[in-house]
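Have a look at the structure below before the remarks.
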Amino acid sequence: MSDLVTPLGPAVRARLAREKNVWLCTVRPDGSAHVTPVWFVFERARWWIGTDTGSVKIANIEADPRVSLALEDGRSPVVAEGDATLHRAEFPADIVSAFAAKYAWDVTTPEKPTTGRVLLEIPVRRWLLTGTAQ
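Numbering (this note's numbering), first residue to last: 148 to 281.
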């Protein structure tokens with residue numbers, strides 16, 4: 148599936164670079180939503196999110212890769228929809244560097260010593276910006 152080509156304005160690009168959290172919504176096996184705030188970087192026209200292997204979001208994505216993402220400010224909505232791909236072994240060096248620059252955080256290090264790390268790659272299928280589906 149190719150990315151939807153949507154020119155993002157400078158204000159949206161600035162928010163994607165500046166904002167620390169995005170709400171990630173995955174689909175539980177019973178069809179209900181699982182929503183959680185996560186750190187992210189937006190690079191290569193994709194959302195990137197790091198998490199531990201045992202998380203609920205990973206189990207949900209393994210069963211159904213459809214996700215939605217929403218920045219926290221509801222006054223000027225930035226919402227995206229896409230399908231997540233899981234990276235379990237090799238994390239792209241530029242993405243690891245982007246997390247380090249934004250958060251002073253090594254996205255490859257597990258939060259718990261008994262788990263591994265997964266990197267989510269989410270190309271945007273559809274943007275909903277300021278209430279307008281594109």
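Think of the CB as a built atom: it goes at the ideal place given N, C-alpha and C, for glycine as much as any other residue.
Query, Result
"Minimum C-alpha distance to residue 217 - residue among 256, 185, 247, 266", "185"
"Proximal residues to residue 152 (C-beta, below 7 Å), its chain only, five neighbours per side dropped", "Low confidence applies to residue 152: its pLDDT is 47, below 50, so where it sits in the model is not reliable enough to give any reading."
"Rounded C-alpha distance that separates residue 211 from residue 178", "10 Å"
"The stretch 189-200 contacting the stretch 264-274, beta-carbon criterion three pairs below 8 Å", "yes"
"Residue from 243, 239, 202, 274 with nearest C-alpha to residue 259", "202"
"Supposed contact pair residue 190 and residue 242 - C-beta distance, whole angstroms, cut 8 Å", "6 Å"
"Endpoints, beta strand (DSSP E) assigned at residue 222", "Looking at the DSSP string, residue 222 is not in any beta strand (DSSP E), and its letter there is neither H nor E."
"Proximity winner among 214, 235, 255, 176, relative to residue 194 (alpha-carbon distances)", "214"
"Coarse secondary structure for residue 180, derived from DSSP in three states", "strand"
"Proximity winner among 253, 232, 228, 233, relative to residue 240 (alpha-carbon distances)", "253"
"Cα-Cα separation between residue 245 and residue 164, rounded to whole angstroms", "10 Å"
"Residues near residue 275 in its chain [Cβ-Cβ closer than 6 Å; skip 5 each side]", "226"
"Residue range of the alpha helix (DSSP H) that includes residue 241", "240-250"
"Whole-angstrom distance between residue 176 and residue 248, CA atom to CA atom", "35 Å"
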